[in-house]
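Visitor: Take a look at this one; I'll ask things after.
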Amino acid sequence: MKKRSISDAQVLPKIVLVGNPNVGKSVLFNALTGAYTTVSNYPGTSVEVSRGVCEVAGQRFEVLDTPGMYTLMPITEEERVARAILLEETPHTVLHVIDARNIERMLPMTLQLVEAGLPVVLVVNIMDEAERLGMEIDTALLEEKIGIPVIAAATARKRGLQEIRAVIENAADRPQARFSYAADLESDIRQVADLLREEYRLSRKSLALLLLQRDTEIEALVRRTEGEQDYARIAQVVNGVVFERRADLHLRISLERKRVCSGLLAGVVRQSAVAGVPLAERLSNWMMNPWTGVPILLLILYFGLYQVVGVFGAGVVVDFLEGVLFEEHINPWVERLGQTYLAWDWLYELLVGEYGVLTLGVRYAVALVLPIVGSFFLVFSLIEDTGYFPRLAMLVDRVFKRIGLNGRAVIPIVLGFGCDTMATIVTRTLETIRERIIATLLLALAIPCSAQLGVILGLLSGVPGALVVWSACIAGLFLLVGFLAARVMPGEQPMFYMEIPPLRMPQPRNVLVKTLTRMQSYFLEIFPLFILASVLLWAGKMTGLLEGLVRAMTPAMNALGLPAEAAAAFIFGFFRRDFGAAGLYDLQTSGLLSAVQLTVAAVTLTLFVPCIAQFLIMQKERGWRVSLGILVFVSVLAFTAGALLNRLLLAGGVLS
Amino acid sequence: MKVSPKAEEILEALWIATEEAGDNAAHLSTLGIGPDDEALAELNRLAYIEVSGDRVYLRKEGRPEARMTVRRHRLAERLMMDILDVKGGEGNAKACELEHLLHQGVDTKICTLLNHPSTCPHGNPIPPGLCCEEAREQGRVGVVALTELKAGEGGEIAYLAADDPKKMQKLMSMGVLPGNRLQLSQTFPTFVFKVGHSQFAVDQDLAREIFVRKE
Ligand SMILES: [Zn+2]
Ligand SMILES: [Zn+2]
Chain A
3 MKKRSISDAQ VLPKIVLVGN PNVGKSVLFN ALTGAYTTVS NYPGTSVEVS
53 RGVCEVAGQR FEVLDTPGMY TLMPITEEER VARAILLEET PHTVLHVIDA
103 RNIERMLPMT LQLVEAGLPV VLVVNIMDEA ERLGMEIDTA LLEEKIGIPV
153 IAAATARKRG LQEIRAVIEN AADRPQARFS YAADLESDIR QVADLLREEY
203 RLSRKSLALL LLQRDTEIEA LVRRTEGEQD YARIAQVVNG VVFERRADLH
253 LRISLERKRV CSGLLAGVVR QSAVAGVPLA ERLSNWMMNP WTGVPILLLI
303 LYFGLYQVVG VFGAGVVVDF LEGVLFEEHI NPWVERLGQT YLAWDWLYEL
353 LVGEYGVLTL GVRYAVALVL PIVGSFFLVF SLIEDTGYFP RLAMLVDRVF
403 KRIGLNGRAV IPIVLGFGCD TMATIVTRTL ETIRERIIAT LLLALAIPCS
453 AQLGVILGLL SGVPGALVVW SACIAGLFLL VGFLAARVMP GEQPMFYMEI
503 PPLRMPQPRN VLVKTLTRMQ SYFLEIFPLF ILASVLLWAG KMTGLLEGLV
553 RAMTPAMNAL GLPAEAAAAF IFGFFRRDFG AAGLYDLQTS GLLSAVQLTV
603 AAVTLTLFVP CIAQFLIMQK ERGWRVSLGI LVFVSVLAFT AGALLNRLLL
653 AGGVLS
Chain B
11 MKVSPKAEEI LEALWIATEE AGDNAAHLST LGIGPDDEAL AELNRLAYIE
61 VSGDRVYLRK EGRPEARMTV RRHRLAERLM MDILDVKGGE GNAKACELEH
111 LLHQGVDTKI CTLLNHPSTC PHGNPIPPGL CCEEAREQGR VGVVALTELK
161 AGEGGEIAYL AADDPKKMQK LMSMGVLPGN RLQLSQTFPT FVFKVGHSQF
211 AVDQDLAREI FVRKE
């Protein structure tokens, strides 16, 4: 992802949003910052952090949306980044956003933030849904008891935004927070805290607690700051306390926080009974039950993937942009310009020829790929915002465990149907290297991207039975290769746990912002590669290398039972997945392929090497060794499977 | 009649092979003993087993003893893991030594101390003893792994048995904390439960490590 920075960000006071996933942080972020948003990786990590600027009473602030975190003691890379931001950025205000329905569970993190000495404001979000559940929360009383500003909000409904701005504006007169743990625990903490002599961003109390909980990063920080000698003394005291407490100190601290929170919430939260199971909950149960969940999944795939991406994105929009705008207007115009002004033949070819940068590279990126991935990202963001993916993840976890992944991997795999390149980037979110490699391999092998899928579906639907053979081959190899990879790859089985957020009505604006952000970062990543691809093709054509390659591949084509002309489709396929499929389309319309040949070619091409963009991203994410290994493996397997399928279909007399 | 430790190991293996793995006999080779083994002769004398060639059968007379042996072994495992906090291969070895000592009411005491557990740390069933039946009749609640609950059941979270501190911390930070109420809503394909107003999905391995005091 490209990194951009807001030029004056360094001098602006910062507002940092923290909280669990699914509490409406991004909606609040968007509401505060409007359109001035950048998404970039946090330095040294692959975790994305959104930054924007907001203005409160004439004063400009930089707003940071941190990745979801459950506690101040990080486990995942996301949580580590979220804490690093708190540790390093000196916030003016920390907005701790919590879900009102789960106030009891999320309040302990507020305590952690408060005891860290951060300027915390508690935003009790999603109040509307809590009220629908019969919960009443007296935020004024809570504010009085906890001693920090507490705001009741429903950011999706614009409720509470005014109050949040007011609290940012009047940072000077915020009340003082107060609460304490049991006396013995407090004295333990003080013992350690009193030994810390240097200056830290987080309070000594908070550092002492983290030291007692054996947080290795904090240990390293204290060791660096205090020096080796003083640290040895601190470590000794910490070890003493931990030994004194033998029984799990973690648990004790968690239970103590829970006790403090129940005290704070006494009289604050009232729950009245509500009748009946709401529709959203019934729908949610249907989605998670395998018997009803699978049909629902198929419906989502049909409408989301086939209708919106295939028919609308790849059909209507592409026909207009590519067929009408480029072919009829832009291309003839640049070709005319080229003929008039470009004296050298090679330059003409490079810019506006058959594989020209403008006529092919730009046209493909803008008119073909952008609308298809754009419509896919729209559907993907829409589904994502309803909270469907965690439900899908729990549904497929068992199957995915068999192939060395866990349910969480369903997100990059589904994203692969939109664009494998994007999906390969997203495999970062998987927990272990082993999972990332297996997911990258499966994406490269068996997941056709939306553009390719669209063309192949169109081609094969004309031949009865071909679609069935194709799907069976691809699905079968996906499972088989995953199954074998899980056996061959060292490393432990991933475990699966996931919070399942309530189903929600997506907010159009949020969906739109997400889609556009994804399209933008995708485009910036992919566009140079398209230009590179057309330059390479051009060079191939000018030097005759392309023709040579086609000839060299004739034996392979023979093994597949395909005419030699099909080789071009495969070479194109490496540059763009759908490009290869489009090559098939040409062969098919000129009547060169039988039903069997068409099916074999489609299967081989789907399995065959990822496109050049995907390969380059694979290299970037996984390194040369792994990506080259995958490239070779996938190519060999694609041709072997194709040749076998050809024999089988001919021998069985299927499709002929 | 108390049999030798070696004979107890054989009975245990026979119980697992016949009652749990669904075979009708065990092989001498898999038991790792010869046909003229002393413990084998001892069991034969008691008419607990029948040997025919390479195959060893568990006779009706031997079943109660075998059942109690398995029970003692798995109770010992639970004790090791939950109370003594000995884990991994070492825990297993210690449990093997300990099980032979749990006679004459000691097993009942441990079973009661552990609140009549229904599974060993590996998820295998512990055959219930008289104490368990009594506790059930008196309506005393037992602590069971999440995997033992049926959809729709719930209870108070008693403890977490995760051996990986990170995993433990993750569960705790999601609100899966001793003392909180948990309601199981689904067991297949993954375990889905509610704590407070939040819903979580965990796989079988994690579900095995969450222990609930059943209502
Ligand atoms: Zn066991
Ligand atoms: Zn008992």
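Chains as they are written, first to last, in the numbering used here: chain A, 3 to 658; chain B, 11 to 225. In this text, a Cβ means the ideal position worked out from N, Cα and C, and glycines have one as well.
Please report how far the alpha carbon of A:Met129 lies from the alpha carbon of A:Val20, in whole angstroms.
Guide: Taking the first residue of the first sequence as position 1, residue 129 of chain A is located at position 127. Taking the first residue of the first sequence as position 1, residue 20 of chain A is located at position 18. Each residue's Cα considered, the two are about 18 Å apart.
Visitor: I want to see whether chain A comes within less than 7 Å of B:Val212, judged by CB atoms only; does it?
Guide: Indexing the second sequence from 1 puts residue 212 of chain B at position 202. Taking Cβ atoms only, chain A reaches closer than 7 Å to B:Val212, which makes this a yes.
Visitor: Out of A:Leu455, A:Leu372 and A:Leu486, point me to the one whose CA is closest to A:Phe402's CA.
Guide: Position 400 of the first sequence, counting from 1, holds the residue named residue 402 of chain A. Out of A:Leu455, A:Leu372 and A:Leu486, A:Leu486 has the C-alpha closest to the C-alpha of A:Phe402.
Visitor: Grouping DSSP H, G and I as helix and E and B as strand, with all else coil, what is B:Leu89?
Guide: In the second sequence, counting from the first residue as 1, residue 89 of chain B sits at position 79. The answer is helix: DSSP assigns B:Leu89 an H, G or I state.
Visitor: Please determine if the region 340 to 350 of chain A and the region 366 to 380 of chain A are in contact, where contact requires at least 3 C-beta pairs separated by less than 8 Å.
Guide: no
Visitor: Name, going along the chain, the residues of the region 393 to 420 of chain A whose beta-carbon falls closer than 9 Å to a beta-carbon of chain B.
Guide: Only Arg393, Ala395, Met396, Leu397, Val398, Asp399, Arg400, Val401, Lys403, Asn408 and Gly409 from the region 393 to 420 of chain A bring a Cβ to less than 9 Å from some Cβ of chain B.
Visitor: Fully enclosed by the region 61 to 117 of chain A, which beta strand (DSSP E) runs are 3 residues long or longer?
Guide: Entirely contained in the region 61 to 117 of chain A, the beta strand (DSSP E) runs reaching 3 residues are, in chain order, 61 to 67 and 95 to 101.
Visitor: Check each candidate in A:Phe525, A:Gly312 and A:Met108 and name the one with the smallest Cα separation from A:Gly456.
Guide: Along the first sequence, read from residue 1 onward, the residue named residue 456 of chain A stands at position 454. The shortest C-alpha separation from A:Gly456 is found at A:Gly312.
Visitor: Going by DSSP in three states, A:Met497 sits in which element: helix, strand or coil?
Guide: The count along the first sequence starts at 1 and reaches residue 497 of chain A at position 495. Correct three-state label for A:Met497: coil.
Visitor: Which residues in chain B sit within 8 Å of A:Thr294, going by Cβ to Cβ distance?
Guide: Numbered from its first residue, the first sequence carries residue 294 of chain A at position 292. Simply none; closest approach about 12 Å.
Visitor: Which ranges does the alpha helix (DSSP H) cover as unbroken runs of at least 4 residues, wholly within the region 108 to 165 of chain A, from first to last along the chain?
Guide: 129 to 134 and 141 to 148
Visitor: Report the residues of the region 72 to 90 of chain A with a CB closer than 8 Å to any CB of chain B, ordered along the chain.
Guide: Tyr72, Thr73, Met75 and Ile77
Visitor: When DSSP labels each residue in this structure, what does B:Lys224 get in the three-state scheme?
Guide: For this step, residue 224 of chain B is matched to residue 214 along the second sequence. B:Lys224: strand per DSSP, three-state reduction.
Visitor: Strictly below 8 Å CB to CB, what residues from chain A border B:Phe198?
Guide: One-based indexing of the second sequence puts residue 198 of chain B at position 188. Going along chain A in sequence order, the residues near B:Phe198 (Cβ under 8 Å) are Pro292.
Visitor: When burial is assigned at 16 or more other CB atoms within 10 Å of the CB, is A:Val13 buried or exposed?
Guide: The sequence position of residue 13 of chain A within the first sequence is 11, counting from 1. Label assigned to A:Val13: exposed.
Visitor: Taking a contact to mean a Cβ-Cβ separation below 7 Å, would you say A:Ala179 touches A:Ile139 in this structure?
Guide: Taking the first sequence and counting its residues from 1, the one referred to as residue 179 of chain A is at position 177. Taking the first sequence and counting its residues from 1, the one referred to as residue 139 of chain A is at position 137. No, they are not a contact pair.
Visitor: Going by DSSP in three states, A:Cys56 sits in which element: helix, strand or coil?
Guide: Locating residue 56 of chain A in the first sequence gives position 54, counting from the first residue. Correct three-state label for A:Cys56: strand.
Visitor: Would you kindly check if the distance between the Cβ of A:Val398 and the Cβ of A:Pro414 is under 7 Å?
Guide: Your numbering for residue 414 of chain A matches position 412 in the first sequence. Your numbering for residue 398 of chain A matches position 396 in the first sequence. No, these two residues do not count as a Cβ contact at 7 Å.
Visitor: Could one say the Cβ of A:Asn648 lies closer than 7 Å to chain B's Cβ atoms, at least one of them?
Guide: Translated into the one-based positions of the first sequence, residue 648 of chain A becomes position 646. Taking Cβ atoms only, chain B never reaches closer than 7 Å to A:Asn648, which makes this a no.
Visitor: Give the secondary structure of B:Phe203 by DSSP, where H, G and I count as helix, E and B as strand, and everything else as coil.
Guide: One-based indexing of the second sequence puts residue 203 of chain B at position 193. The answer is strand: DSSP assigns B:Phe203 an E or B state.
Visitor: Could you give the uninterrupted runs of the alpha helix (DSSP H) lying entirely in the region 99 to 133 of chain B, keeping only those of 4 residues or more?
Guide: 116 to 123
Visitor: Please report the residue range of the beta strand (DSSP E) in which B:Ala155 lies.
Guide: Taking the first residue of the second sequence as position 1, residue 155 of chain B is located at position 145. Val153 to Ala155 is the span of the beta strand (DSSP E), which, as asked, contains B:Ala155.
Visitor: I need the boundaries of the alpha helix (DSSP H) containing A:Leu372, first residue and last residue.
Guide: The residue labelled residue 372 of chain A in the question sits at position 370 within the first sequence. Taken as a continuous stretch (DSSP letters only), the alpha helix (DSSP H) holding A:Leu372 covers Leu372 to Thr388.
Visitor: Just tell me which of B:Asp213, B:Glu147, B:Leu85 and B:Val80 has its CA closest to the CA of A:Met497.
Guide: Counting from one through the first sequence, the residue named residue 497 of chain A turns up at place 495. For A:Met497, the nearest C-alpha among the options comes from B:Asp213.
Visitor: Would a check of beta-carbon distances place B:Gln148 closer than 7 Å to chain A?
Guide: As a working note, residue 148 of chain B is residue 138 in the second sequence. It does not; no Cβ of chain A falls within 7 Å.
Visitor: Measuring only between beta-carbons, confirm whether A:Asn24 sits less than 7 Å from chain B.
Guide: As a working note, residue 24 of chain A is residue 22 in the first sequence. A:Asn24 does not count as touching chain B.
Visitor: Between the region 147 to 167 of chain A and the region 110 to 127 of chain A, are three or more C-beta pairs nearer than 8 Å?
Guide: yes
Visitor: For B:Gln209, decide whether its Cβ has a neighbour in chain A, counting only Cβ atoms nearer than 7 Å.
Guide: The residue you call residue 209 of chain B lines up with position 199 of the second sequence. Closer than 7 Å: yes.
Visitor: Decide if the region 131 to 143 of chain B is in contact with the region 190 to 209 of chain B; the criterion is three or more beta carbon pairs, one per stretch, under 8 Å apart.
Guide: no
Visitor: Determine the contact status of A:Val169 and A:Val123, defining contact as a CB-CB distance below 7 Å.
Guide: Taking the first residue of the first sequence as 1, we reach residue 169 of chain A at position 167. Taking the first residue of the first sequence as 1, we reach residue 123 of chain A at position 121. Going by C-beta atoms, A:Val169 is nearer than 7 Å to A:Val123.
Visitor: Under a CB-based cut-off of 7 Å, is B:Met90 close to chain A?
Guide: Position 80 of the second sequence, counting from 1, holds the residue named residue 90 of chain B. So no, B:Met90 is outside the interface.
Visitor: Counting beta carbon pairs with one atom in the region 188 to 196 of chain A and one in the region 70 to 83 of chain A, are three or more of them shorter than 8 Å?
Guide: Look at the beta carbons and you see the region 70 to 83 of chain A not touching the region 188 to 196 of chain A: under three pairs across the two are nearer than 8 Å.
Visitor: Suppose only complete runs of 3+ residues qualify. What are the beta strand (DSSP E) ranges in the region 401 to 462 of chain A, listed by chain order?
Guide: none
Visitor: Just the Cα atoms here: how many angstroms apart are A:Arg6 and A:Met289?
Guide: For the purposes of this step, residue 6 of chain A is identified with residue 4 of the first sequence, where counting begins at 1. For the purposes of this step, residue 289 of chain A is identified with residue 287 of the first sequence, where counting begins at 1. Reliability of the predicted coordinates at A:Arg6 is poor, the pLDDT of 43 falling under 50, and no value is obtained from them.
Visitor: B:Thr28 by DSSP, collapsed to three states: which one?
Guide: In the second sequence, the residue the question calls residue 28 of chain B occupies position 18. DSSP places B:Thr28 within a helical segment (H, G or I) once states are collapsed to three.
Visitor: Below 8 Å on the Cβ atoms is my contact criterion, and I expect B:Met178 with A:Tyr72 to pass it. Report the Cβ-Cβ distance as a whole number of Å.
Guide: Sequence index remark: in the second sequence, residue 178 of chain B carries index 168 (1-based). Sequence index remark: in the first sequence, residue 72 of chain A carries index 70 (1-based). Going by Cβ atoms, the distance from B:Met178 to A:Tyr72 rounds to 13 Å, so no, they are not a contact pair.
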